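Student: After the structure tokens below, expect a handful of questions from me.
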Amino acid sequence: MNTVVIPSPLGSVRISEDTAGICEISFVPGERPSGKPDGKYIPEAARQLGEYFDGKRKVFSVPLSIGGTEFQRKVSRALLEIPYGETRSYSDVARSVGSPQACRAVGGAANKNKLCIIVPCHRVIGKNGAPVGFAAGVDIKLALLGLEKKNYAAARI
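See the structure below:
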């Protein structure tokens, strides 16, 4: 498995790949960038993340290696369907995966998401609209939502 840590406007981001695709993207506070992205998928993932942070990319096309249980993978696929600049509640996602009573399980699956940003768990909010739960912290979640809201609004003008 190849891994690199790259800088982003919100702090250092770790990108890892396996033979199938990108298997991890996570914020790693305090880690220093670790050199040039290399490997089969990492350079493209780093490029696409840079475009995302610059407001130029709304959909990712790098191959992903989504791990976890079957339920976690089902939740990840549902998260991939949430459009850029929009949000869904945990109960919305639970309904979309056919388990309308599984809001907490959806939250647990989103928390275990190893593909932050690309599998957009930051777009899942509380039923009351509160930006609850995010492995990288609510401040990062709010920053990502703000970035998307700003770029989404600018694109619609």
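Counted from 1, the sequence shown has number 116 at position 114 by my numbering; the numbering is strictly sequential. For glycine and all other residues, C-beta sits at the position ideal for the given N, C-alpha and C. Since this is a predicted model, take the numbers as computed values, not measurements.
1. If the criterion is Cβ atoms closer than 9 Å, does the pair Phe55 and Leu144 meet it?
2. Is it true that the CB of Leu146 sits closer than 9 Å to the CB of Glu26?
3. Is the region 116–131 in contact with the region 67–82, if contact means three or more CB pairs nearer than 8 Å?
4. Helix, strand or coil: how does DSSP classify Cys25 here?
5. Buried or exposed: Ser63, going by 16 or more other Cβ atoms within 10 Å of its Cβ?
6. Within 8 Å, do at least three Cβ pairs link the region 88–108 to the region 47–54?
7. Below 9 Å between beta carbons: does that hold for Phe29 and Ser14?
8. Helix or strand or just coil, what does DSSP make of Glu150?
9. My understanding is that Arg75 touches Ile68, with C-beta atoms under 8 Å, so please give their C-beta distance in whole angstroms.
10. Given a threshold of 16 other Cβ atoms within 10 Å of its Cβ, counted over all protein chains shown, does Ser78 qualify as buried or as exposed?
11. Could you check how far apart the C-beta atoms of Ile8 and Pro39 are, in whole angstroms? I think they sit under 8 Å.
12. Based on DSSP bridge pairs, tell me the residues matched to Thr89.
13. Three-state secondary structure (DSSP) at Ser98?
14. Could you tell me the boundaries of the alpha helix (DSSP H) in which Asn113 lies?
Tutor: With the structure as the only source:
1. Walking along the sequence shown from the start, residue 55 turns up at place 53. Walking along the sequence shown from the start, residue 144 turns up at place 142. No, the pair does not count as a contact, with Cβ atoms beyond the cut-off.
2. Position 24 of the sequence shown, counted from the start, is the residue given in the question as residue 26. Position 144 of the sequence shown, counted from the start, is the residue given in the question as residue 146. It is not a contact, given that the beta carbons lie outside the stated cut-off.
3. yes
4. If you number the sequence shown from 1, residue 25 lands on position 23. DSSP places Cys25 in strand when its eight states are reduced to three.
5. Locating residue 63 in the sequence shown gives position 61, counting from the first residue. With fewer than 16 other Cβ atoms within 10 Å, it is exposed.
6. no
7. Looking up residue 29 in the sequence shown gives position 27. Looking up residue 14 in the sequence shown gives position 12. Yes.
8. Stepping through the sequence shown from its first residue, residue 150 is reached at position 148. Three-state DSSP puts Glu150 in a helix.
9. Start at 1 with the first residue of the sequence shown, and residue 75 comes out as number 73. Start at 1 with the first residue of the sequence shown, and residue 68 comes out as number 66. Confirmed, about 5 Å.
10. Within the sequence shown, residue 78 is the residue found at index 76, counting from 1. So Ser78 counts as buried.
11. Here residue 8 refers to the residue found at position 6 of the sequence shown. Here residue 39 refers to the residue found at position 37 of the sequence shown. With 8 Å as the limit, Ile8 and Pro39 qualify as a contact, their Cβ atoms being about 6 Å apart.
12. Here residue 89 refers to the residue found at position 87 of the sequence shown. Bridge partners of Thr89: none, in fact.
13. Reading the sequence shown from its first residue, position 96 is the one you call residue 98. In the structure shown, Ser98 sits in a helix (DSSP, three-state: H, G or I).
14. In the sequence shown, residue 113 corresponds to position 111, counting from 1. 105–113 is the span of the alpha helix (DSSP H), which, as asked, contains Asn113.
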